[in-house]
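A quick write-up on the structure given underneath.
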Amino acid sequence: MEFKEQIKELAKRSKIASEKALTEEATKTSVILPFIQSLGFDPFNLDEVIPEYVSDVGTKKGEKVDFALKIKGETKILIEVKPITSSLGNTQYNQLYRYFGVTEANLAILTNGREAWFFSDIDAPNKMDKKPFFKFNLQKHDENEIEELSRFQKDVFSIESILEAASALKYSQAAAQYLKAQLDEPDDEFAKLIGRKIHDGMLTKNVVEQIRPAIQSAIEIIVRDRIQDRLDIAFRPKSEAQKMESGSDQEEPKSDIVTTDEEKEAFMMVKAIAAKAISTERVTIRDAKSYCSVFVDDNNRKPLCRFYFNAKSKNVLGLFNPDKDERKVDLVSLEDIYQYADEISETAKSYA
């Protein structure tokens, strides 16, 4: 079974376990052992998976971490398990932190069967970082996150490449959070940084207040333009690929089908909604005379929704359930699409 399929089965197990409100031991058996197995480790081989791994901490002897994963005799990953009903936080972190410093492992996983938090010692050697460099939701994830998780498989395990990726991921996430905060409300420091580049005079308080909304608008324009550029690229390959396949240099007749700005904007919204369930690269658009379709994998057997925007009186959104039954709803404005985000996301998830 492919890794992606294994994780899909694991998600089902996690959801069932959540409904049954299992204890810590039951969580280990029903979710964590299959999770360990999906990473390529044999849960029944004590040379690979050691349960109740003894880790003496300071004056405390016999401290145990739930699992230690070994590769070629070396302890590589520690796993601390909590009940699926619990939330992960500081209390569980502190316990795992104590274990981490007295073992040779460079990676630690804190999990409750719903989430798995991955820690390392990026900030200081042999000292577990306060924040996880990667969080994986076992019940709700996309293809990019599955790809990231695949780094931890035993057959491809490389602590060097994992730590390199972890460091890059940590800083990119921090940078993204900072830039998102500036997009929402640029702070004084950020406003002054930009202000020094665009304003010749003194940066007084009044000047900063004048610059702030301009900076916010500029960021929004950049983001919108970047998205539009990607959308424009997404619309081109189909016709270009068909032309190359035909092997003909003859000029193709011009199509009378025009993808409108409204349809492009609606597609962008649907793509953002579907991103919660699948990779955005899989979401494609195909225009026709009477409606505009959004598919997954450009496959007409995987419809996500349709835009009936050609009528002058009103716009209509066609929604598909996982059984591919279509339901049409009227839109007062394009923003109404977000009212159906759960349905769109659920359909996208069925194609995961």
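The sequence shown begins at 1 in UniProt numbering and counts up by one. From the three backbone atoms N, C-alpha and C, an ideal C-beta is built for every residue, glycine too.
Where PHE133 falls: helix, strand or coil (DSSP): Walking along the sequence shown from the start, residue 133 turns up at place 133. Three-state DSSP puts PHE133 in coil, outside helix and strand.
Runs of alpha helix (DSSP H) lying entirely within the segment 317-348, each at least 4 residues, in chain order: none
Since ASN299 sits in a beta bridge, which residues does DSSP pair it with? As a working note, residue 299 is residue 299 in the sequence shown. DSSP output for ASN299 lists VAL296 as bridge partner(s).
In whole angstroms, give me the CA-to-CA distance for LEU334 and ARG13. The count along the sequence shown starts at 1 and reaches residue 334 at position 334. The count along the sequence shown starts at 1 and reaches residue 13 at position 13. When rounded, the distance between both Cα atoms is 37 Å.
Could you check the C-alpha separation between SER350 and PRO322 for me, to the nearest Å? As a position in the sequence shown, residue 350 is number 350, starting the count at 1. As a position in the sequence shown, residue 322 is number 322, starting the count at 1. Going from the Cα of SER350 to the Cα of PRO322 covers about 6 Å.
Would you please state the rounded distance, in angstroms, between the beta carbons of ILE257 and ALA218? I believe it to be under 8 Å. As a first step, residue 257 must be located in the sequence shown, where it is residue number 257. As a first step, residue 218 must be located in the sequence shown, where it is residue number 218. Between ALA218 and ILE257 the Cβ distance is about 35 Å, and since that is not below 8 Å, they are no contact.
Tell me the residue span of the alpha helix (DSSP H) that contains LYS192. For this step, residue 192 is matched to residue 192 along the sequence shown. Taken as a continuous stretch (DSSP letters only), the alpha helix (DSSP H) holding LYS192 covers 188-198.
Stretch-stretch touch, CB-based, cutoff 8 Å, three pairs: the segment 78-88 with the segment 148-162: no
Find the nearest neighbour of TYR291 within the set ALA274, PRO213, LYS328 and ALA68, judged by alpha-carbon distance. For the purposes of this step, residue 291 is taken as residue 291 along the sequence shown, with counting starting at 1. The candidate whose alpha carbon is nearest that of TYR291 is LYS328.
Residue burial classification, ILE198 (beta-carbon count within 10 angstroms, cutoff 16): Along the sequence shown, one-based indexing puts residue 198 at 198. So ILE198 counts as exposed.
Any heavy atom of the ligand ATP closer than 6 Å to the beta-carbon of GLN95? This structure simply doesn't include the ligand ATP, nor any ligand for that matter.
Chain-order list of residues whose beta-carbon lies under 6 Å from that of ASP297 (same chain, five-residue window excluded): For this step, residue 297 is matched to residue 297 along the sequence shown. Excluding sequence neighbours, ASP297 sits near ARG282.
Three-way DSSP call (helix, strand, coil) for PHE44 in this model: Along the sequence shown, one-based indexing puts residue 44 at 44. It is coil, neither helix nor strand.
Have a look at the DSSP bridge pairing and note the partners of PHE119. Start at 1 with the first residue of the sequence shown, and residue 119 comes out as number 119. In DSSP, PHE119 forms a bridge with ALA108.
Restricting to Cα atoms, I'd like to know which of LYS302, ARG301 and LYS271 is closest to ASP342. Here residue 342 refers to the residue found at position 342 when the sequence shown is read from its first residue. When each option's Cα is compared against that of ASP342, the closest is LYS271.
Could you name the residues of the same chain whose beta carbon sits closer than 6 Å to that of ILE32, not counting the 5 residues immediately before and after it, in chain order? Taking the first residue of the sequence shown as position 1, residue 32 is located at position 32. Excluding residues within five positions, the ones whose Cβ falls inside 6 Å are VAL81.
Per DSSP, the bridge partner or partners of PHE287: In the sequence shown, counting from the first residue as 1, residue 287 sits at position 287. Checking the sequence shown, residue 287 turns out to be Asp, not Phe. Looking at the DSSP assignment, ASP287 forms a beta bridge with CYS292.
Among the residues of its own chain, which have a CB less than 7 Å from the CB of PHE307, if the five just before and after it don't count? Locating residue 307 in the sequence shown gives position 307, where the first residue counts as 1. Cβ within range, chain order: GLU263, ALA266, TYR291, CYS292 and LEU317.
Let me know the secondary structure DSSP gives PRO213 once reduced to three states. Sequence index remark: in the sequence shown, residue 213 carries index 213 (1-based). Looking at PRO213 - three-state DSSP - the assignment turns out to be helix.
Going by beta carbon distance, what residues of the same chain come within less than 8 Å of LYS8, once the five residues before and after it are set aside? Indexing the sequence shown from 1 puts residue 8 at position 8. Cβ within range, chain order: ALA352.
Opening and closing residue of the beta strand (DSSP E) in which THR27 lies: Sequence index remark: in the sequence shown, residue 27 carries index 27 (1-based). Counting along the chain, THR27 falls outside any beta strand (DSSP E), though it belongs to the alpha helix (DSSP H) covering 24-27.
If we ignore side chains and look at the alpha-carbon of each, how far apart do TYR93 and LEU331 end up? Here residue 93 refers to the residue found at position 93 of the sequence shown. Here residue 331 refers to the residue found at position 331 of the sequence shown. Taking the straight line joining both Cα atoms gives about 47 Å.
Within the chosen definition, does the segment 140-151 reach the segment 175-192 through at least 3 CB pairs nearer than 8 Å? no
Between the alpha carbons of SER158 and GLN95, how many angstroms are there, rounded? Indexing the sequence shown from 1 puts residue 158 at position 158. Indexing the sequence shown from 1 puts residue 95 at position 95. One C-alpha to the other measures close to 26 Å.
Under the rule that 16 or more other beta-carbon atoms within 10 Å means buried, what is LEU138, buried or exposed? On the sequence shown, position 138 is the one that residue 138 refers to. Buried: at least 16 other Cβ atoms inside 10 Å.
Residues in the same chain with beta-carbon distance under 7 Å from PHE295, minus the five sequence neighbours each way, listed in chain order, please. Against the sequence shown, residue 295 aligns to sequence position 295. Closer than 7 Å at Cβ, skipping near neighbours: THR284, ARG286, LYS302, PRO303 and LEU304.
Would a C-beta distance cut-off of 7 Å place THR29 and THR75 closer than the cut-off? As a first step, residue 29 must be located in the sequence shown, where it is residue number 29. As a first step, residue 75 must be located in the sequence shown, where it is residue number 75. In this structure, THR75 does not lie closer than 7 Å to THR29 by Cβ.
Assuming ALA108 and ILE77 form a contact by the criterion Cβ under 8 Å, report the distance between their Cβ atoms to the nearest whole angstrom. Position 108 of the sequence shown, counted from the first residue, corresponds to residue 108. Position 77 of the sequence shown, counted from the first residue, corresponds to residue 77. About 7 Å; that satisfies the 8 Å criterion.
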